[in-house]
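Student:
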Amino acid sequence: MEFHNDIGSSRRVLILQMRLESIEAVNKIVEEANKRIQPTGTVELFGALRARLYHSNKNLIITTLTCISGLASAMGAAVEKSSKVHLIYLPSTLVTI
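Listed below in structure tokens is the structure:
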């Protein structure tokens, strides 16, 4: 039974690492674009990031919030149109951290 728990734990760690690396990749893209991006296609991105806000790992949540902040800054005023629905959930996430 102990062996089975080790496999499950290792799998969870790998999934967490993949999620963190994905968020870091988004941050890198924003940096490489000189912190200026167009809103095209960001609706899906904000949806995926929102899903990370409900993760049990607080470091992942903080990394996600930092990414969302960077995206919002890079998009400027256009962020309101493409992410309004997704950003509504941020205050409830902040309370749980």
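All residue numbers for the sequence shown refer to the numbering used here, where the first residue is -16 and numbers rise by one. For every residue, glycine included, the Cβ atom is placed at its ideal position computed from N, Cα and C.
(1) Only counting the same chain, and skipping five residues up and downstream in sequence, which positions put a Cβ closer than 8 Å to that of Ala61?
(2) Keeping to the same chain, check which residues put their C-beta closer than 8 Å to that of Ala57; ignore five residues upstream and five downstream.
(3) Just how far apart, CA to CA, sit Val9 and Ile45?
(4) Over the uninterrupted alpha helix (DSSP H) stretch that includes Arg33, give me the two end residues.
(5) Sorted by chain position, which residues of the same chain lie with C-beta nearer than 7 Å to Val(-4)'s C-beta, five sequence neighbours on each side aside?
(6) Does Thr47 pass the burial test, meaning 16 or more other C-beta atoms within 10 Å, or should it be called exposed?
(7) Note down the Cα distance separating Ile51 from Gly(-9), rounded to an integer number of angstroms.
(8) Use the C-beta contact count for Ile(-2): other C-beta atoms within 10 angstroms, 16 or more gives buried, fewer gives exposed.
(9) In the structure shown, what three-state DSSP assignment does Arg19 receive?
Tutor: For this structure:
(1) As a position in the sequence shown, residue 61 is number 78, starting the count at 1. Gln21, Pro22, listed in sequence order.
(2) For this step, residue 57 is matched to residue 74 along the sequence shown. The residues are Val13, Ala16, Lys18, Arg19, Ile20.
(3) Taking the first residue of the sequence shown as 1, we reach residue 9 at position 26. Taking the first residue of the sequence shown as 1, we reach residue 45 at position 62. About 14 Å.
(4) The residue labelled residue 33 in the question sits at position 50 within the sequence shown. First-last of the alpha helix (DSSP H) with Arg33: 25 to 35.
(5) Mapped onto the sequence shown, residue -4 falls at position 13. Cβ contact annotation for Val(-4) (same chain, cutoff 7 Å, sequence separation greater than five): none.
(6) For the purposes of this step, residue 47 is taken as the residue at position 64 of the sequence shown. Its Cβ being crowded by 16 or more others within 10 Å, Thr47 is buried.
(7) Looking up residue 51 in the sequence shown gives position 68. Looking up residue -9 in the sequence shown gives position 8. Cα to Cα, Ile51 sits roughly 30 Å from Gly(-9).
(8) As a first step, residue -2 is located in the sequence shown; it is residue number 15 there, counting from the start. If you draw a 10 Å sphere on the C-beta of Ile(-2), you find fewer than 16 other C-beta atoms in it, and that means exposed.
(9) The residue given as residue 19 occupies position 36 in the sequence shown. Of the three classes helix, strand and coil, the one that applies to Arg19 here is coil, per DSSP.
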